[in-house]
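Each protein sequence line maps, in turn, to chains A and B.
For any residue, its number in the working numbering is found by taking its place in the first sequence, counting from 1, and adding 22.
For any residue, its number in the working numbering is found by taking its place in the second sequence, counting from 1, and adding 1.
Using N, Cα and C, we set each Cβ at its ideal position, and we do this for glycine too.
Below is one structure, written out as structure tokens; comments come after it.
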Amino acid sequence: MNTRLNIREKRFVAVVAAIALVFGFTPVASAMHIMEGYLPVGFSIAWGGICIPFLIAGYLSIKKTLKENPKTITLLAMAGAYVFVLSSLKIPSVTGSCSHMTGTGLGAILFGPAAVSILGIIVLLFQAILLAHGGLTTLGANTFSMAIAGPFVTYGIFILCKKIKINRHVGVFLAAAIGDLFTYCVTAFQLALAYPSESGGVAASMVKFLAVFAPTQLPLAIIEGILTVVIIIGLETYAQPELNDLGYLTGGVK
Amino acid sequence: MTATRKTVIGLLVLVVLIALVPLFILQDAEFGGSDDAGSGVVSEITGTEYEPWFTPIFETAINGEIPGEVESLFFCIQTGIGVGIIAFVMGRFVERKKQEEGKTGKKKTK
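In structure tokens:
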């Protein structure tokens, strides 16, 4: 049994690595990622440090999930693939510029927010190395916004909606959409911290960055919410055993 | 089942609409990336053209920017891989459910 699990785990790592490699070759006009060299050294290191505990928690969380329910590996692959697809789709927005989604919502809802940090950092790392998007020096900050803060908000909202018994699909929509938006808010905050405005400081800066990001991202957040609901409907229809393993259906509102 | 199917199709149509309508409404817009806009704000706040202190290593390696056409190639590969995995996994799920349901395969796969 144990060796079996190990083979499965190894296979999983290999698959993820392969995906990540290919994924890494993709240049995404990533609107949300802070560009290489745009954060002062101190900030780069600090954000990196903040991410580490989350990444460790994520690794342990994935390991635990796969050990308990090896079959859910298919869903994990799917959650990862979902991040790839959504973060590759540059979509025109009402402000006349393009942006893309995060795709982290699905993973957060199914596997919990910590697990997504691993999926997210793989994506960001290879983008940074091979695509000139995001960056190695801003990896920590970008990981925090896209793979940690966003998913945690998504997860929190999803759980909240479950608690107050909102229709599950509405909950999924809200969770994914708000998580996506929140990622941008965090990015704006990170940039504002690094570049406080002379008159008004961090807050004034933040408003400026938000003004650039938020209107562009709003329609995309809605799209992300809808797509996440669509894929969840698909999984609910065809992958009930796995969803049960993950505890997604238990205690939810039918 | 058909209700679910209608919902899904309706949602997908909505997504396409949200994505495409700006293109038709804002006919003069550039639709550049909003990260460029972000760096614009950085320059605005600092008052000077910001000089990044680190260049992407891939750009350093090929000594220049990644050509646009090559970018779109990589870009398509990314989407393709993601969609491939999702389609593969979903396909397996769908077939599995069909088999579980036995010979009364009333439900359509899509």
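{"Asked": "Only counting the same chain, and skipping five residues up and downstream in sequence, which positions put a Cβ closer than 6 Å to that of A/L158?", "Found": "A150"}
{"Asked": "Would you verify that the beta carbon of A/G157 is, or is not, closer than 8 Å to some beta carbon of chain B?", "Found": "yes"}
{"Asked": "Where A/F76 and A/L257 are concerned, what is the direct C-alpha to C-alpha distance, given to the nearest angstrom?", "Found": "27 Å"}
{"Asked": "If the cut is a Cβ gap below 7 Å, which residues of chain B does A/S115 touch?", "Found": "P23"}
{"Asked": "If we require 3 or more residues per run, which beta strand (DSSP E) segments fall completely within the stretch 114-158 of chain A?", "Found": "119-122"}
{"Asked": "If the cut is a Cβ gap below 7 Å, which residues of chain B does A/F106 touch?", "Found": "Q79, I82, G83"}
{"Asked": "Using a beta-carbon distance below 8 Å, is A/F47 in contact with chain B?", "Found": "Annotation note: pLDDT 38 at A/F47 (below 50); position unreliable, no value reported."}
{"Asked": "Could you name the residues of the stretch 192-203 of chain A whose beta carbon sits closer than 9 Å to any beta carbon of chain B, in the order they occur along the chain?", "Found": "none"}
{"Asked": "What runs of the alpha helix (DSSP H), each 4 residues or longer, lie entirely inside the stretch 192-260 of chain A?", "Found": "223-260"}
{"Asked": "Name the chain B residues that come within less than 7 Å of A/P241, Cβ to Cβ?", "Found": "I19"}
{"Asked": "Report yes if the CB atom of A/I165 is closer than 8 Å to the CB atom of A/S139, and no otherwise.", "Found": "The question names Ile, but residue 165 of chain A is Thr in the sequence shown. Contact flag set, yes."}
{"Asked": "Taking B/A20 as the reference, give the member of A/G162, A/K187, A/I113 with the closest Cα.", "Found": "A/I113"}
{"Asked": "How would you write the range of the alpha helix (DSSP H) that A/K187 sits in, first residue to last?", "Found": "Per DSSP, A/K187 belongs to no alpha helix (DSSP H) and is neither H nor E."}
{"Asked": "What in chain D is Cβ-close to B/V14, meaning under 7 Å?", "Found": "Chain labels in this structure do not include chain D; the protein chains are A and B."}
{"Asked": "Am I right that A/T205 and A/S119 are in contact with their C-beta atoms under 8 Å? What's the rounded C-beta distance?", "Found": "So it is not a contact: roughly 17 Å between Cβ atoms."}
{"Asked": "Taking DSSP as the reference, what is the three-state secondary structure of B/P68?", "Found": "coil"}
{"Asked": "What first and last residue would you give for the alpha helix (DSSP H) that runs through A/W69?", "Found": "63-90"}
{"Asked": "So if DSSP puts A/K112 in a beta bridge, which residue, or which two residues, is it bridged to?", "Found": "A/H122"}
{"Asked": "Please state whether the Cβ-Cβ distance between A/V107 and A/G134 is less than 8 Å.", "Found": "no"}
{"Asked": "Consider the Cβ of A/F166: report whether some Cβ of chain B lies at a distance smaller than 8 Å.", "Found": "no"}
{"Asked": "Straight-line CA distance for A/V44 to B/Q79?", "Found": "Note that A/V44 scores 47 on pLDDT, short of 50, meaning its location in the model is unreliable and no value can be drawn from it."}
{"Asked": "Give the DSSP-derived three-state secondary structure of A/Y177 in the structure shown.", "Found": "helix"}
{"Asked": "Quick one: give me the first and last residue of the alpha helix (DSSP H) that B/K7 is part of.", "Found": "3-26"}
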